[in-house]
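Undergrad: The listed protein sequences correspond, in order, to chains D, Z and S.
Start counting the first sequence at 1; every next residue gets the next number (the UniProt record's numbering).
Start counting the second sequence at 1; every next residue gets the next number (the UniProt record's numbering).
Start counting the third sequence at 1; every next residue gets the next number (the UniProt record's numbering).
Glycine residues also receive a C-beta, built at the ideal position from the N, C-alpha and C atoms.
Every value quoted in this text rests on a predicted model; they were computed, and no experiment measured them.
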Amino acid sequence: MSIGHTLLGLLESGPRHGYDLKRAFDEKFGHDRPLHYGQVYSTMSRLLKNGFVEVDGIETGGGPERKRYAITEAGITDVEQWLATPEKPELYLQSTLYTKVVLALLTHRDAADILDTQRAEHLRSMRILTERKRRGDLADQLICDHALFHLEADLRWLELTAARLDKLREAVTR
Amino acid sequence: MTPPPGALLAADNLRKAYGPTNALDGAEFSIHPGEVVAVMGPSGSGKSTLLHCLAGIVTPDSGSITYDGREMSTMSDAQRSALRRSEFGFVFQFGQLVPELTCVENVALPLRLNGTPRKAAERAALSWMQRLEVDDLGRKRPGEVSGGQGQRVAVARALVTDPRVLFADEPTGALDSLNGERVMELLTDAARSTNAAVVLVTHEARVAAYSDREIVVRDGKSRDMERAI
Amino acid sequence: MSVRQWARDLRMGAKFAFTGGREGWIRVLLTAVGVGLGVALLLLTTAIPSALTAREQRGNARADYPSHYDNPERPKTDNTLVIAKLDTTYDNKNVRGRLVQPDGPRATLAPGLTKYPAAGDMIVSPALRELLDSSDGKLLRERLPYRVVGTIGESGLIGSQELAYYAGADDLEQRIGKDWEVARLDAFGATDQTSTRLDPVLILLVLVVFVVLLTPVAVFIAAAVRFGGERRDRRLAALRLVGSDSRMTRRIAAGEALSGSLLGLVFGTVFFLIGREAAGSVQIQDISVFPGDLNPTPALAALVAVAVPAAAVLVTLLAMRGVVIEPLGVVRTAKPARRRLWWRLLLPLAGLAMLYPMFGQGRDQGNFNQLLVIGGILLLLAGVTALLPWVVEAVVGRLGGGGVAWQLAVRRLQMSSGMATRPVNGIAVAVAGAIALQMLFAGIEGDYTKDTGKDLDRAQMQVNTTPGIPLAPVTEKFAALKGVRKVTALGIGSMGNISWRSADGPQRMVQVAIGDCAALRETADLPSCHDGDVFALRSSRNDGGDTKVLAKPGRTLHLGTSEVSGTALDVKWTVPQDLKHARVIKDPNGMEREGFLMTPSALPAQASGALSGEIYLSLDESVPYVKEQVRNTAVTADLFANTTVWASTEQSTKFVKIRIGLLIGVTCVLLLIGASLLVSQLEQLRERKKLLSALVAFGTRRRTLSLSVLWQTAIPITLGLLLASAVGLTLGAVLLKMTAETVSVHWPSVLSMVGIGAGVVLLVTLCSLPPLLRLMRPDGLRTE
Chain D
1 MSIGHTLLGL LESGPRHGYD LKRAFDEKFG HDRPLHYGQV YSTMSRLLKN GFVEVDGIET
61 GGGPERKRYA ITEAGITDVE QWLATPEKPE LYLQSTLYTK VVLALLTHRD AADILDTQRA
121 EHLRSMRILT ERKRRGDLAD QLICDHALFH LEADLRWLEL TAARLDKLRE AVTR
Chain Z
1 MTPPPGALLA ADNLRKAYGP TNALDGAEFS IHPGEVVAVM GPSGSGKSTL LHCLAGIVTP
61 DSGSITYDGR EMSTMSDAQR SALRRSEFGF VFQFGQLVPE LTCVENVALP LRLNGTPRKA
121 AERAALSWMQ RLEVDDLGRK RPGEVSGGQG QRVAVARALV TDPRVLFADE PTGALDSLNG
181 ERVMELLTDA ARSTNAAVVL VTHEARVAAY SDREIVVRDG KSRDMERAI
Chain S
1 MSVRQWARDL RMGAKFAFTG GREGWIRVLL TAVGVGLGVA LLLLTTAIPS ALTAREQRGN
61 ARADYPSHYD NPERPKTDNT LVIAKLDTTY DNKNVRGRLV QPDGPRATLA PGLTKYPAAG
121 DMIVSPALRE LLDSSDGKLL RERLPYRVVG TIGESGLIGS QELAYYAGAD DLEQRIGKDW
181 EVARLDAFGA TDQTSTRLDP VLILLVLVVF VVLLTPVAVF IAAAVRFGGE RRDRRLAALR
241 LVGSDSRMTR RIAAGEALSG SLLGLVFGTV FFLIGREAAG SVQIQDISVF PGDLNPTPAL
301 AALVAVAVPA AAVLVTLLAM RGVVIEPLGV VRTAKPARRR LWWRLLLPLA GLAMLYPMFG
361 QGRDQGNFNQ LLVIGGILLL LAGVTALLPW VVEAVVGRLG GGGVAWQLAV RRLQMSSGMA
421 TRPVNGIAVA VAGAIALQML FAGIEGDYTK DTGKDLDRAQ MQVNTTPGIP LAPVTEKFAA
481 LKGVRKVTAL GIGSMGNISW RSADGPQRMV QVAIGDCAAL RETADLPSCH DGDVFALRSS
541 RNDGGDTKVL AKPGRTLHLG TSEVSGTALD VKWTVPQDLK HARVIKDPNG MEREGFLMTP
601 SALPAQASGA LSGEIYLSLD ESVPYVKEQV RNTAVTADLF ANTTVWASTE QSTKFVKIRI
661 GLLIGVTCVL LLIGASLLVS QLEQLRERKK LLSALVAFGT RRRTLSLSVL WQTAIPITLG
721 LLLASAVGLT LGAVLLKMTA ETVSVHWPSV LSMVGIGAGV VLLVTLCSLP PLLRLMRPDG
781 LRTE
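#1: What do you reckon, are the CB atoms on S:S50 and S:Q161 nearer than 7 Å?
#2: Which word fits Z:R152, buried or exposed, when buried means at least 16 other C-beta atoms lie within 10 angstroms of its C-beta?
#3: What did DSSP end up calling S:T465 once you bin it into helix, strand or coil?
#4: Would a check of beta-carbon distances place Z:P42 closer than 7 Å to chain D?
#5: Which term fits S:N92, buried or exposed, when burial requires 16 or more other beta carbons within 10 angstroms of its beta carbon?
#6: Quick one: residues in its chain with C-beta nearer than 7 Å to the C-beta of S:R74, no 5 flanking neighbours on either side, listed in chain order?
#7: Please classify D:A162: is it buried, with 16 or more other beta-carbons within 10 angstroms of its beta-carbon, or exposed?
#8: Can we say the region 584-591 of chain S touches the region 425-440 of chain S, given the rule of at least three CB pairs closer than 8 Å?
#9: Just the chain D side, please: which residues come within less than 9 Å of Z:E28 by C-beta, in chain order?
#10: Tell me which residues of the region 101-120 of chain D have at least one Cβ-Cβ distance to chain Z shorter than 9 Å, keeping chain order.
#11: What's the gap between the Cα of S:A459 and the Cα of S:R485?
#12: State yes or no: is the beta carbon of Z:I229 nearer than 7 Å to at least one beta carbon in chain S?
#13: So what does S:W406 bridge to, in DSSP terms?
#14: With a cut-off of 8 Å, do at least 3 Cβ pairs link the region 337-352 of chain S to the region 311-320 of chain S?
#15: Between the region 199-216 of chain Z and chain D, which residues of the former have CB atoms less than 7 Å from a CB of the latter, in chain order?
#16: Any idea if D:L160 is buried or exposed, counting beta-carbon neighbours within 10 angstroms, 16 or more meaning buried?
#17: So, is S:F359 buried or exposed, given that buried needs 16 or more other C-beta atoms within 10 angstroms?
#18: How is S:W646 classed by DSSP in three states: helix, strand or coil?
#19: Could you name the residues of the same chain whose beta carbon sits closer than 7 Å to that of S:A61, not counting the 5 residues immediately before and after it, in chain order?
#20: Are the C-beta of S:G443 and some C-beta of chain Z separated by less than 7 Å?
#21: Buried or exposed: S:W342, going by 16 or more other Cβ atoms within 10 Å of its Cβ?
#22: Can you tell me the Cα-Cα spacing of Z:V217 and D:L47, whole angstroms?
#23: May I ask you to report which of helix, strand or coil DSSP gives S:A489?
#24: Where does S:V564 fall in DSSP's three states?
#25: Among the candidates S:D9, S:A32 and S:T667, whose CA atom is the shortest distance from the CA of S:T269?
#26: Is the region 681-696 of chain S touching the region 36-49 of chain S in the sense that three or more CB pairs, one from each, lie closer than 8 Å?
#27: Measure how close the beta-carbons of D:S13 and D:W82 come, nearest whole angstrom, since I'm counting them as under 8 Å.
#28: Tell me whether S:N60 sits in a helix, a strand or coil according to DSSP, three-state version.
#29: In whole angstroms, what separates the C-alpha of Z:K221 from that of Z:L24?
#30: Quick check on the burial criterion: 16 or more other C-beta atoms within 10 angstroms. Buried or exposed for D:K167?
#31: Tell whether a beta-carbon distance below 7 Å holds between Z:R192 and Z:E87.
#32: Would you give the residue range spanned by the alpha helix (DSSP H) that D:L48 belongs to?
#33: Within the present structure, is the beta-carbon of S:L440 separated from the nearest heavy atom of the ligand MG by less than 6 Å?
#34: Note down, one range per segment and in chain order, each alpha helix (DSSP H) of at least 4 residues found wholly within the region 1-48 of chain S.
#35: Pick helix, strand or coil for S:V242, following the three-state DSSP scheme.
#36: Quick one: measure Cβ to Cβ for S:V39 and S:V304, integer angstroms, because I've assumed they're closer than 8 Å.
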């Protein structure tokens with residue numbers, strides 16, 4: 001995920017302080033990983049350098065000085081471009097799991113066991129996500145669903161692989 | 001193997017063959033009150049047979065099933081039927097609502113089978129339909145409601161007797177994911193609120209994620225993933 | 001629209017009928033079986049007249065009585081035969097018995113025989129042979145102590161199950177002229193071929209019977225053609241999706257129905273042939289037929305072959321009228337249209353209007369317009385099928401309350417009352433017709449049934465012995481039988497004013513009955529009675545007639561045996577001085593005697609050989625086979641003894657035949673409809689297999705589901721039977737009005753008809769229980 005584009009997008013609704021930006025980000029997108037102050041600072045200075053934002057004003061109060069950032073025309077164009085560009089679907093072609101299964105088959109370990117264990121782990125994650133989804137608002141639900149669908153895809157692969165273990169064993173040990 | 005302490009329903013070493021195929025080949029199972037257990041596995045693995053055995057619909061060829069400290073194999077068909085009427089609830093993939101009865105009559109049916117007078121049964125049915133957000137369908141026939149609504153009616157029907165065990169066989173199998181999840185939420189919420197145990201047969205991971213733990217049935221053998229880890 | 005297009009669509013429909021997979025096949029098969037059963041029944045009905053004719057012809061061909069017995073003393077030649085009629089009854093079945101003694105080798109042969117049996121041998125019908133060989137025939141074997149040497153051919157029997165024998169004898173000749181039942185004849189066959197003309201009321205009855213039987217069959221065929229129609233509609237919708245227009249779908253459906261009913265025609269022929277064979281082994285009330293005699297009239301058979309497929313197509317097209325088949329599914333326009341009452345009421349009213357002109361025509365004028373009769377009855381019965389759906393819908397819509405089983409059934413009926421009513425229509429029509437007929441029967445029963453006046457409290461059997469058989473030993477034998485409570489034996493003779501040997505015989509004669517005081521008291525009111533007493537009977541009705549003239553003390557009278565034996569002894573008897581008089585009462589026979597009563601010692605000693613016997617037996621009918629024991633005893637004592645079991649009334653045989661025909665027919669029709677009811681019931685149950693399993697899963701008692709199936713059938717049938725009773729009673733009353741009989745309801749027959757209808761429901765429910773229980777097994781829950 002591009003933090004720069006996200007922060008730019010948040011700025012579009014109006015100028016904000018760095019701290020406000022962090023709060024807005026965490027609230028809406030940062031469920032797992034809240035932004036560090038340093039991340040905001042370095043991203044903003046990169047954006048400033050590229051001319052996507054400008055400093056709207058500096059407040060000097062009792063504490064440290066606080067910059068207020070505003071988005072530039074170039075920034076708006078950049079956000080637009082980012083949103084319009086489709087994300088490249090991830091391919092997951094060489095997954096660790098596949099490697100583990102093949103290795104287990106080659107070394108005559110119980111590959112089904114690995115798959116089952118992995119499934120249980122996946123389900124555990126899914127359970128946590130489901131629980132969070134039930135308690136959360138619509139944003140939580142959409143985000144959790146995204147993760148759930150991915151996990152489900154993994155699980156389906158696990159099921160399918162489990163069903164084809166015999167064939168796979170034949171193929172890899174030949 | 002003795003059932004785990006505190007288990008409401010437990011099965012040990014179940015075997016059941018349909019002709020030459022072994023649907024169950026030494027499966028085990030246990031569930032505690034208030035627990036939601038998903039039974040997973042590929043189609044044809046024996047999930048449904050396990051559920052049918054646990055619910056006393058099918059008699060296993062061998063093995064033991066204890067419900068609330070009672071051995072099911074020693075019960076007569078009538079006793080098991082009575083058990084299903086009063087202590088168990090059922091939700092199936094396609095609702096299996098009686099097409100001629102109105103929705104509220106369908107929900108009231110298990111109560112009426114237990115001898116509750118019609119008025120009282122329908123009142124209770126309506127309150128359950130309220131909880132499942134389908135109380136406005138009361139006078140409609142199952143043919144006139146959508147799949148998701150019908151399945152909620154079916155859940156209400158399964159819960160109306162305050163069962164101690166709810167058996168759900170692919171309860172969302174015929175629904176899109178949004179409707180399916182809503183049904184699962186309502187089902188598990190309702191079951192938790194009455195401390196009912198839920199045996200949830202499904203092949204969908206996202207449905208199984210509503211459970212507390214899962215067991216996997218493969219080739220008629222069960223595997224309890226929690227204990228395995 | 002080209003003919004080729006038509007042919008193509010019809011052919012396509014036919015192809016669908018046979019290639020629609022397993023379900024398609026079942027549908028075609030059901031239609032074909034339904035149509036086939038109907039066709040078979042129709043063919044059977046058209047074959048009945050020929051069977052009855054054949055039966056009558058065989059009966060005429062072998063007739064030897066009464067025409068020949070009227071003239072017993074035919075000269076003896078080498079082609080004559082002495083024959084004796086020895087009919088008997090065994091276990092309520094009539095046995096036709098003949099003793100034969102050919103006068104020479106060229107003696108005329110009875111139909112069905114190749115030669116006559118020697119004395120002591122007998123030739124029997126296949127059914128009698130079977131009976132004699134079985135353990136049931138033990139007592140009959142005692143009665144027929146002859147050796148079986150052959151079988152009577154078909155041409156000598158009037159029914160496949162007829163019990164008959166010809167036994168050889170060598171002492172018959174001397175009995176000619178002494179026994180009524182012995183005669184010499186030179187040829188078999190009725191001499192006067194007076195084919196009895198049925199009277200108009202009987203013709204009316206026959207007409208009504210046919211209409212009443214065939215209407216439900218038609219209703220049944222109409223229902224059978226519609227088996228599985230919903231699946232067909234879905235398939236037609238798929239055809240619409242790939243581009244056929246609605247006219248094409250109609251033609252394709254017609255093609256389907258046509259092929260189903262053509263197959264049904266083939267089935268019907270096969271069923272008919274099977275039924276014809278089966279009919280040979282069936283016997284009802286002594287009537288059985290030979291399969292070979294059941295030949296449908298060609299013209300009628302051709303009519304059936306054309307009319308049935310045409311009707312099937314017509315019904316299909318009519319049924320599709322309320323259905324719009326769209327490419328994306330079937331739209332039923334029929335559903336919102338409430339069933340209207342007015343035109344449904346019009347049908348029976350029109351029927352009544354057609355029958356009205358014949359009110360009071362009575363049997364004397366006896367001119368019933370056959371077309372009006374058939375049309376009127378048809379319309380009235382069609383009124384049942386028209387009214388029933390409306391009634392069921394109206395009533396079921398108002399039902400509520402009750403237990404779960406009731407609720408399930410009522411709701412199901414509310415959803416699709418039409419489907420439930422269709423098969424019931426047939427039952428309702430059949431019952432309505434049958435009730436009307438039974439009423440008609442009961443109403444005119446008085447004309448065809450005469451009260452025999454016999455007093456069943458005093459005796460239940462009567463044995464008449466031929467003259468010369470000593471009564472006392474016979475009486476003792478009877479009294480010794482287990483189950484015989486009381487034996488009243490009277491010797492009967494006649495007293496003439498001059499000798500019986502004189503040229504013209506006596507001009508005045510009276511009967512004389514001889515018996516002990518107890519026996520005599522059965523016939524007259526005797527203030528006192530001692531052995532040696534003689535009483536002259538005073539009739540309560542007339543002035544005494546010949547008795548008054550002859551009962552003069554001192555007058556000499558001549559005792560003859562009976563009217564037949566004019567050559568008998570001449571025993572003289574003088575009316576004693578101390579002749580007593582007694583008031584006559586009805587004897588057990590229900591008759592009042594005339595003449596003299598004598599105690600045994602008052603009779604001249606030589607007279608005993610001239611007396612025939614009348615023995616009345618009071619029985620304990622709970623003793624098994626007591627009647628057969630009595631018959632056997634009677635035959636041992638006197639081969640020609642005539643034994644009768646009394647019934648209080650006896651029916652005209654014509655009447656019995658029609659009534660039996662009706663009963664057989666209605667039962668067959670009801671069973672047929674029951675079968676279709678079962679088929680559609682099972683079809684419905686199979687469609688609900690999953691639901692049933694689910695209901696069982698959550699603990700529904702099997703009893704509840706079975707009960708709901710029962711209610712589901714019973715509710716429409718109850719309504720159907722009620723409506724049928726109403727229409728049936730109306731039609732019955734109308735028919736009685738037509739024959740100018742007083743209108744009265746014969747409740748037992750109404751109840752029995754309704755009972756048969758209800759029995760069919762019960763039978764159907766019982767038959768559908770095993771599959772229901774099987775469907776309720778949890779296998780139905782398995783999704784794979």
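TA: Judging by the given coordinates:
#1: no
#2: buried
#3: strand
#4: yes
#5: exposed
#6: T80, R184, L185 and D186
#7: buried
#8: no
#9: Per Cβ cutoff of 9 Å: no residues; Z:E28 is ~16 Å from chain D at best.
#10: A112, D113, D116, T117, R119 and A120
#11: 9 Å
#12: At Z:I229, the pLDDT of 42 sits below 50, so the modelled position is not reliable; the number obtained from the coordinates is stated separately. For Z:I229, the answer is no, since every Cβ of chain S falls outside 7 Å of its Cβ.
#13: Partner(s): none; S:W406 has no beta bridge.
#14: no
#15: A205, R206, A208, A209, Y210, E214 and V216
#16: exposed
#17: exposed
#18: coil
#19: P111, F188 and G189
#20: no
#21: exposed
#22: 55 Å
#23: strand
#24: For S:V564, the predicted structure reports a pLDDT of 45, less than 50, and the residue's modelled location is therefore unreliable. The matter cannot be settled from this model.
#25: S:A32
#26: no
#27: So it is not a contact: roughly 16 Å between Cβ atoms.
#28: helix
#29: 6 Å
#30: exposed
#31: no
#32: Y37 to N50
#33: The model on display carries no ligand, and the ligand MG is accordingly not part of it.
#34: 3-19
#35: coil
#36: 6 Å
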